[in-house]
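Just so you know, we're using this note's numbering here: the sequence shown kicks off at 22 and counts up by one. C-beta: ideal position from N, C-alpha, C; glycine also. Presented below is the structure to which this report refers.
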Amino acid sequence: MTLEIINNHSLAGNNTLALESTAEYFCEVENTAQLMEALAFAKSRSLEITVLGAGSNVVLKNNLSGLVIIINFKGIRHIIDGDDVILSVAAGENWSNLVKYALGNNWYGIENLVLIPGSVGAAPIQNIGAYGVELSDVFISLDALDLFTGEVNSMSHELCEFGYRDSIFKKQDKTRFIIIEVKIKLSLAAKIRGDYPLLREALEMDMQESSDMITPHRVAHIVSDIRKKKLPDPSIIANVGSFFKNPILNSVSIKKFLKYYPAAPVYECTGSNYKVSAGWLIEKCGLRGFRSGNVGMSSEQALVLVNYGNATPRELLQFSESIRQQVLGVFKISLELEPSVYGYF
(Lines of atoms letter the chains of each structure in order from A and count residues from 1; the text may use other names and numbers.)
(Lines give C-alpha, C1' and ligand atoms only; values in the text may rest on other atoms or scores of the structure.)
Protein backbone atom coordinates (compact mmCIF):
# COMPACT_ATOMS: atom_id res chain seq x y z
CA MET A 1 0.00 0.00 0.00
CA THR A 2 1.31 3.45 -0.92
CA LEU A 3 2.04 5.74 2.00
CA GLU A 4 -0.11 8.88 2.04
CA ILE A 5 1.38 11.96 3.68
CA ILE A 6 -1.07 14.80 4.26
CA ASN A 7 -0.19 18.46 4.68
CA ASN A 8 -1.97 20.59 7.33
CA HIS A 9 -4.03 17.74 8.77
CA SER A 10 -6.54 18.25 11.60
CA LEU A 11 -5.79 16.12 14.67
CA ALA A 12 -9.15 16.70 16.36
CA GLY A 13 -10.06 13.08 15.62
CA ASN A 14 -6.69 11.81 16.84
CA ASN A 15 -6.97 12.87 20.49
CA THR A 16 -9.68 11.93 22.97
CA LEU A 17 -9.80 15.48 24.35
CA ALA A 18 -11.09 16.46 20.88
CA LEU A 19 -8.79 19.48 20.80
CA GLU A 20 -8.48 21.17 17.43
CA SER A 21 -4.82 20.90 16.48
CA THR A 22 -3.09 20.91 13.11
CA ALA A 23 -0.17 18.73 12.05
CA GLU A 24 2.19 20.26 9.52
CA TYR A 25 2.45 16.80 7.96
CA PHE A 26 0.57 13.64 8.92
CA CYS A 27 0.60 9.95 8.03
CA GLU A 28 -0.48 6.55 9.31
CA VAL A 29 1.90 3.61 8.93
CA GLU A 30 0.91 -0.06 8.94
CA ASN A 31 4.30 -1.74 8.61
CA THR A 32 8.03 -1.16 8.93
CA ALA A 33 8.45 -0.33 5.24
CA GLN A 34 5.92 2.50 5.49
CA LEU A 35 7.53 3.74 8.69
CA MET A 36 10.94 3.90 7.02
CA GLU A 37 9.39 5.74 4.06
CA ALA A 38 7.82 8.27 6.44
CA LEU A 39 11.13 8.78 8.23
CA ALA A 40 12.93 9.29 4.91
CA PHE A 41 10.34 11.93 4.00
CA ALA A 42 10.91 13.71 7.31
CA LYS A 43 14.69 13.55 6.96
CA SER A 44 14.61 14.96 3.42
CA ARG A 45 12.78 18.02 4.75
CA SER A 46 14.50 18.24 8.16
CA LEU A 47 11.16 17.72 9.92
CA GLU A 48 10.59 16.97 13.58
CA ILE A 49 8.81 13.68 14.27
CA THR A 50 5.94 13.15 16.70
CA VAL A 51 4.47 9.69 17.19
CA LEU A 52 0.90 9.34 18.42
CA GLY A 53 -1.00 6.23 19.42
CA ALA A 54 -4.71 6.48 20.08
CA GLY A 55 -4.30 10.00 21.49
CA SER A 56 -5.89 8.98 24.79
CA ASN A 57 -3.17 10.42 27.02
CA VAL A 58 -2.04 13.57 25.26
CA VAL A 59 -2.83 17.27 25.21
CA LEU A 60 -2.25 18.74 21.76
CA LYS A 61 -1.63 22.45 21.40
CA ASN A 62 -2.81 24.35 18.32
CA ASN A 63 0.02 23.28 16.02
CA LEU A 64 2.41 20.36 15.75
CA SER A 65 5.36 21.11 13.52
CA GLY A 66 7.03 18.45 11.42
CA LEU A 67 5.59 15.01 10.71
CA VAL A 68 3.02 13.36 12.98
CA ILE A 69 3.02 9.57 12.61
CA ILE A 70 0.26 7.23 13.77
CA ILE A 71 1.56 3.69 14.33
CA ASN A 72 -1.03 1.15 13.14
CA PHE A 73 1.12 -2.00 13.31
CA LYS A 74 -1.06 -5.05 14.08
CA GLY A 75 -0.40 -8.59 15.23
CA ILE A 76 -0.18 -10.76 18.36
CA ARG A 77 2.11 -13.77 18.75
CA HIS A 78 2.38 -16.05 21.77
CA ILE A 79 4.59 -18.78 23.17
CA ILE A 80 3.53 -21.02 26.07
CA ASP A 81 6.33 -22.09 28.41
CA GLY A 82 5.00 -24.09 31.33
CA ASP A 83 2.55 -21.82 33.13
CA ASP A 84 3.96 -18.73 31.43
CA VAL A 85 2.52 -17.17 28.29
CA ILE A 86 4.88 -14.84 26.43
CA LEU A 87 2.98 -12.36 24.25
CA SER A 88 4.61 -10.25 21.54
CA VAL A 89 2.15 -7.51 20.62
CA ALA A 90 2.40 -4.96 17.81
CA ALA A 91 2.35 -1.33 18.92
CA GLY A 92 -0.84 -0.44 17.06
CA GLU A 93 -3.02 -3.00 18.82
CA ASN A 94 -5.69 -1.61 21.16
CA TRP A 95 -4.73 -2.18 24.80
CA SER A 96 -8.19 -2.98 26.17
CA ASN A 97 -8.82 -5.38 23.29
CA LEU A 98 -5.55 -7.10 24.21
CA VAL A 99 -6.79 -7.59 27.78
CA LYS A 100 -10.03 -9.11 26.50
CA TYR A 101 -8.11 -11.29 24.03
CA ALA A 102 -5.90 -12.58 26.86
CA LEU A 103 -8.89 -13.34 29.08
CA GLY A 104 -10.60 -15.10 26.18
CA ASN A 105 -7.62 -17.45 26.07
CA ASN A 106 -7.46 -17.77 29.88
CA TRP A 107 -4.14 -15.93 30.09
CA TYR A 108 -3.93 -13.88 33.24
CA GLY A 109 -2.06 -10.91 34.69
CA ILE A 110 -3.53 -7.79 33.06
CA GLU A 111 -7.23 -8.15 33.89
CA ASN A 112 -7.03 -5.19 36.33
CA LEU A 113 -6.00 -3.04 33.35
CA VAL A 114 -9.14 -3.63 31.31
CA LEU A 115 -10.78 -0.62 29.62
CA ILE A 116 -7.66 1.53 29.83
CA PRO A 117 -7.83 3.38 26.51
CA GLY A 118 -4.93 3.66 24.12
CA SER A 119 -2.55 1.57 22.07
CA VAL A 120 -0.15 -1.12 23.20
CA GLY A 121 2.78 0.97 21.98
CA ALA A 122 1.78 3.84 24.26
CA ALA A 123 1.42 1.61 27.33
CA PRO A 124 5.15 1.50 28.25
CA ILE A 125 5.56 5.26 27.77
CA GLN A 126 3.07 5.92 30.53
CA ASN A 127 3.67 2.66 32.41
CA ILE A 128 -0.10 2.39 32.51
CA GLY A 129 -1.61 1.17 35.73
CA ALA A 130 -4.88 0.76 37.58
CA TYR A 131 -6.31 -1.00 40.62
CA GLY A 132 -2.99 -2.27 41.96
CA VAL A 133 -1.38 -3.43 38.70
CA GLU A 134 1.05 -1.69 36.34
CA LEU A 135 2.35 -2.67 32.93
CA SER A 136 5.82 -2.98 34.47
CA ASP A 137 4.53 -5.93 36.54
CA VAL A 138 4.22 -8.08 33.39
CA PHE A 139 6.66 -6.32 31.07
CA ILE A 140 9.59 -8.26 29.58
CA SER A 141 10.99 -6.03 26.82
CA LEU A 142 10.08 -3.98 23.77
CA ASP A 143 11.43 -3.39 20.29
CA ALA A 144 11.93 0.25 19.37
CA LEU A 145 13.39 2.09 16.42
CA ASP A 146 16.20 4.35 17.62
CA LEU A 147 15.96 7.54 15.57
CA PHE A 148 19.54 8.45 16.54
CA THR A 149 21.03 5.30 15.00
CA GLY A 150 18.28 4.09 12.64
CA GLU A 151 18.43 0.64 14.26
CA VAL A 152 15.70 -1.42 15.93
CA ASN A 153 16.80 -2.29 19.46
CA SER A 154 15.38 -4.54 22.14
CA MET A 155 14.96 -2.64 25.40
CA SER A 156 14.77 -4.52 28.69
CA HIS A 157 12.71 -3.72 31.76
CA GLU A 158 15.74 -2.05 33.33
CA LEU A 159 16.49 0.12 30.30
CA CYS A 160 12.91 1.42 30.23
CA GLU A 161 13.34 2.96 33.72
CA PHE A 162 9.73 2.48 34.74
CA GLY A 163 8.25 4.58 37.53
CA TYR A 164 4.82 5.71 38.60
CA ARG A 165 3.17 6.73 35.29
CA ASP A 166 6.67 7.27 33.99
CA SER A 167 9.43 5.75 31.87
CA ILE A 168 12.55 6.73 29.98
CA PHE A 169 10.27 7.57 27.05
CA LYS A 170 8.87 10.56 28.97
CA LYS A 171 12.29 11.81 30.01
CA GLN A 172 15.42 12.72 28.08
CA ASP A 173 14.69 10.24 25.31
CA LYS A 174 11.14 11.45 24.71
CA THR A 175 11.61 11.82 20.94
CA ARG A 176 14.34 9.26 20.37
CA PHE A 177 12.43 5.98 20.15
CA ILE A 178 9.46 4.70 18.17
CA ILE A 179 8.01 1.64 19.89
CA ILE A 180 7.20 -1.14 17.42
CA GLU A 181 6.39 -4.16 19.58
CA VAL A 182 5.89 -4.93 23.27
CA LYS A 183 6.58 -8.27 24.97
CA ILE A 184 4.78 -9.21 28.20
CA LYS A 185 4.54 -12.32 30.37
CA LEU A 186 1.13 -13.59 31.43
CA SER A 187 0.20 -16.78 33.26
CA LEU A 188 -2.03 -19.80 32.80
CA ALA A 189 -2.45 -19.83 36.58
CA ALA A 190 -4.96 -17.37 37.99
CA LYS A 191 -3.63 -15.00 40.64
CA ILE A 192 -6.09 -12.44 41.93
CA ARG A 193 -4.69 -8.96 42.53
CA GLY A 194 -7.42 -7.45 44.68
CA ASP A 195 -5.56 -5.45 47.32
CA TYR A 196 -6.30 -2.01 45.88
CA PRO A 197 -8.83 -0.51 48.36
CA LEU A 198 -11.60 0.40 45.91
CA LEU A 199 -11.31 -2.94 44.12
CA ARG A 200 -11.14 -4.85 47.40
CA GLU A 201 -14.38 -3.24 48.56
CA ALA A 202 -16.08 -4.10 45.27
CA LEU A 203 -14.84 -7.70 45.44
CA GLU A 204 -16.09 -8.08 49.02
CA MET A 205 -19.53 -6.80 48.00
CA ASP A 206 -19.54 -9.16 45.03
CA MET A 207 -18.69 -12.13 47.27
CA GLN A 208 -21.60 -11.26 49.57
CA GLU A 209 -23.98 -11.43 46.62
CA SER A 210 -22.55 -14.59 45.06
CA SER A 211 -20.95 -17.76 46.39
CA ASP A 212 -18.98 -18.25 43.18
CA MET A 213 -15.21 -18.14 43.41
CA ILE A 214 -13.51 -14.89 42.41
CA THR A 215 -11.78 -15.38 39.06
CA PRO A 216 -9.71 -13.04 36.85
CA HIS A 217 -12.77 -12.82 34.58
CA ARG A 218 -14.89 -11.54 37.45
CA VAL A 219 -12.14 -9.11 38.43
CA ALA A 220 -12.14 -7.73 34.88
CA HIS A 221 -15.93 -7.43 34.96
CA ILE A 222 -15.87 -5.60 38.30
CA VAL A 223 -13.07 -3.27 37.19
CA SER A 224 -15.03 -2.53 34.02
CA ASP A 225 -18.09 -1.61 36.09
CA ILE A 226 -16.03 0.65 38.36
CA ARG A 227 -14.40 2.43 35.43
CA LYS A 228 -17.71 2.95 33.63
CA LYS A 229 -19.21 4.51 36.77
CA LYS A 230 -16.21 6.69 37.60
CA LEU A 231 -14.86 7.71 34.21
CA PRO A 232 -16.88 9.43 31.48
CA ASP A 233 -16.80 7.80 28.05
CA PRO A 234 -14.51 9.94 25.84
CA SER A 235 -16.72 9.17 22.84
CA ILE A 236 -19.52 11.02 24.64
CA ILE A 237 -17.63 13.68 26.58
CA ALA A 238 -14.03 14.38 25.63
CA ASN A 239 -11.39 13.49 28.25
CA VAL A 240 -8.15 11.57 28.81
CA GLY A 241 -9.16 9.88 32.05
CA SER A 242 -7.07 10.93 35.04
CA PHE A 243 -5.57 14.32 34.22
CA PHE A 244 -3.24 14.57 37.22
CA LYS A 245 -0.90 12.07 38.81
CA ASN A 246 -1.42 11.07 42.42
CA PRO A 247 1.34 12.98 44.25
CA ILE A 248 3.97 10.96 46.07
CA LEU A 249 5.21 12.18 49.46
CA ASN A 250 8.11 10.92 51.56
CA SER A 251 7.67 9.67 55.13
CA VAL A 252 8.36 13.09 56.67
CA SER A 253 5.95 14.95 54.40
CA ILE A 254 3.20 12.37 54.78
CA LYS A 255 3.31 12.65 58.59
CA LYS A 256 2.85 16.41 58.36
CA PHE A 257 0.06 15.98 55.83
CA LEU A 258 -1.85 13.38 57.87
CA LYS A 259 -1.54 15.51 60.99
CA TYR A 260 -3.86 18.03 59.35
CA TYR A 261 -5.83 15.65 57.10
CA PRO A 262 -6.07 12.29 58.92
CA ALA A 263 -9.00 11.11 56.76
CA ALA A 264 -7.14 11.56 53.48
CA PRO A 265 -6.78 8.39 51.39
CA VAL A 266 -3.08 7.49 51.43
CA TYR A 267 -1.43 4.43 49.90
CA GLU A 268 2.00 3.06 50.68
CA CYS A 269 4.19 2.65 47.61
CA THR A 270 7.88 2.09 46.88
CA GLY A 271 10.39 2.53 49.68
CA SER A 272 9.16 4.85 52.42
CA ASN A 273 7.02 6.89 50.04
CA TYR A 274 3.27 7.34 50.08
CA LYS A 275 0.75 8.15 47.38
CA VAL A 276 -2.00 10.69 48.06
CA SER A 277 -5.23 10.72 46.06
CA ALA A 278 -5.12 13.69 43.70
CA GLY A 279 -8.86 13.33 43.20
CA TRP A 280 -9.39 13.75 46.95
CA LEU A 281 -7.23 16.88 47.01
CA ILE A 282 -9.17 18.40 44.11
CA GLU A 283 -12.52 17.49 45.65
CA LYS A 284 -11.56 18.98 49.03
CA CYS A 285 -10.83 22.24 47.23
CA GLY A 286 -14.46 22.23 46.10
CA LEU A 287 -13.49 21.66 42.48
CA ARG A 288 -15.36 18.47 41.68
CA GLY A 289 -17.81 19.41 38.94
CA PHE A 290 -16.32 22.90 38.68
CA ARG A 291 -16.63 24.35 35.19
CA SER A 292 -15.20 27.40 33.49
CA GLY A 293 -16.35 28.02 29.94
CA ASN A 294 -15.81 24.92 27.82
CA VAL A 295 -13.65 23.07 30.36
CA GLY A 296 -14.36 21.51 33.74
CA MET A 297 -13.62 18.81 36.26
CA SER A 298 -16.02 15.90 36.00
CA SER A 299 -18.84 15.74 38.54
CA GLU A 300 -18.45 11.94 38.53
CA GLN A 301 -14.70 11.87 39.21
CA ALA A 302 -12.81 14.93 40.42
CA LEU A 303 -9.58 13.75 38.80
CA VAL A 304 -10.99 13.82 35.27
CA LEU A 305 -10.79 17.05 33.27
CA VAL A 306 -13.34 17.25 30.48
CA ASN A 307 -13.81 19.26 27.31
CA TYR A 308 -17.50 20.10 27.14
CA GLY A 309 -17.10 21.14 23.53
CA ASN A 310 -15.05 23.61 21.50
CA ALA A 311 -12.39 24.15 24.18
CA THR A 312 -9.12 25.47 22.81
CA PRO A 313 -5.80 23.96 23.89
CA ARG A 314 -4.86 27.22 25.60
CA GLU A 315 -8.17 27.38 27.46
CA LEU A 316 -7.79 23.80 28.64
CA LEU A 317 -4.21 24.19 29.84
CA GLN A 318 -4.97 27.48 31.59
CA PHE A 319 -7.86 25.78 33.38
CA SER A 320 -5.67 22.85 34.45
CA GLU A 321 -3.07 25.29 35.76
CA SER A 322 -5.73 27.06 37.82
CA ILE A 323 -6.66 23.69 39.37
CA ARG A 324 -3.00 23.03 40.17
CA GLN A 325 -2.59 26.43 41.79
CA GLN A 326 -5.69 26.03 43.96
CA VAL A 327 -4.53 22.63 45.22
CA LEU A 328 -1.05 24.03 45.83
CA GLY A 329 -2.50 26.96 47.75
CA VAL A 330 -4.57 24.77 50.07
CA PHE A 331 -2.35 21.72 50.57
CA LYS A 332 1.13 22.94 49.54
CA ILE A 333 1.23 19.94 47.18
CA SER A 334 2.08 20.38 43.51
CA LEU A 335 0.12 18.22 41.08
CA GLU A 336 1.72 16.92 37.89
CA LEU A 337 -0.13 16.40 34.62
CA GLU A 338 -0.52 12.76 33.64
CA PRO A 339 -0.93 13.27 29.86
CA SER A 340 1.99 14.41 27.70
CA VAL A 341 1.74 17.85 26.08
CA TYR A 342 2.78 18.34 22.45
CA GLY A 343 3.00 21.24 20.03
CA TYR A 344 2.83 25.01 20.26
CA PHE A 345 0.11 27.67 20.34
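Residue range of the unbroken alpha helix (DSSP H) whose run includes residue i
i, result
"Asp227", "218-230"
"Glu58", "53-65"
Within 9 Å, strictly: CB atoms of residue i and residue j
i, j, result
"Ile97", "Ile161", "no"
"Thr23", "Gly76", "no"
"Ile201", "Thr53", "yes"
"Asn84", "Pro138", "no"
"Asp227", "Arg214", "no"
"Ser39", "Asn328", "Just to set this straight, residue 39 is Ala in the shown sequence, not Ser. Going by C-beta atoms, Ala39 is nearer than 9 Å to Asn328."
"Phe340", "Val362", "no"
"Glu326", "Ile199", "Reading off the sequence shown, one finds Leu at residue 326, where the question assumed Glu. For Leu326 and Ile199, no; Cβs fall outside 9 Å."
"Tyr367", "Val244", "Residue 367 lies beyond the range of the chain shown here (22 to 366); nothing can be said about it."
"Asn35", "Tyr46", "no"
"Phe278", "Leu324", "no"
"Ala259", "Gly330", "yes"
"Asn118", "His99", "no"
"Leu7", "Leu32", "What is shown of the chain runs 22 to 366, which leaves residue 7 out entirely."
N-terminal and C-terminal residue of the beta strand (DSSP E) that residue i is part of
i, result
"Ala165", "160-167"
"Glu172", "172-177"
"Met318", "316-318"
"Glu336", "Per DSSP, Glu336 belongs to no beta strand (DSSP E); it is in the alpha helix (DSSP H), 334-352."
"Ile146", "From DSSP, Ile146 is part of no beta strand (DSSP E) but of the alpha helix (DSSP H) over 144-147."
"Lys210", "A quick correction: the sequence has Ala, not Lys, at residue 210. Segment: none, Ala210 is in no beta strand (DSSP E) and carries neither H nor E."
"Ile27", "27-31"
"Ser361", "361-363"
"Leu73", "70-73"
"Phe183", "No beta strand (DSSP E) contains Phe183, which DSSP labels as neither H nor E."
"Phe47", "43-50"
"Leu1", "It is not possible to answer for residue 1, since the shown part of the chain is limited to 22 through 366."
Residues near residue i by beta carbon distance below 8 Å, same chain, minus five either side
i, result
"Ser293", "Asn271, Ser272"
"Tyr122", "Ile97"
"Ile26", "Tyr46, Phe47, Cys48, Ala59, Phe62, Leu88"
"Glu182", "Ser188, Ile189, Lys192"
Residues near residue i in its chain [Cβ-Cβ closer than 7 Å; skip 5 each side]
i, result
"Glu357", "Phe265, Lys266"
"Phe169", "Arg197"
"Leu302", "Val348, Phe352, Ile354"
Expected contact under 8 Å - CB spacing of residue i and residue j to nearest Å
i, j, result
"Ala111", "Val141", "7 Å"
"Leu81", "Pro334", "6 Å"
"Ala59", "Ile90", "6 Å"
"Leu207", "Gly113", "With 8 Å as the limit, Leu207 and Gly113 do not qualify as a contact, their Cβ atoms being about 20 Å apart."
"Ser320", "Gly310", "4 Å"
Other residues of its chain near residue i: CB distance less than 6 Å, five sequence neighbours each side excluded
i, result
"His178", "Phe160"
"Phe249", "The residue asked about is misnamed: residue 249 is Lys in this sequence, not Phe. No residues qualify anywhere along the chain."
Review point. Can you list the beta strand (DSSP E) stretches of 3 or more residues lying completely in the segment 80-128, in chain order?
Key: 84-92, 97-102, 105-111
Enumerate, from N- to C-terminal direction, the unbroken alpha helix (DSSP H) stretches of 4 or more residues contained entirely within the segment 249-309. 272-281, 299-305
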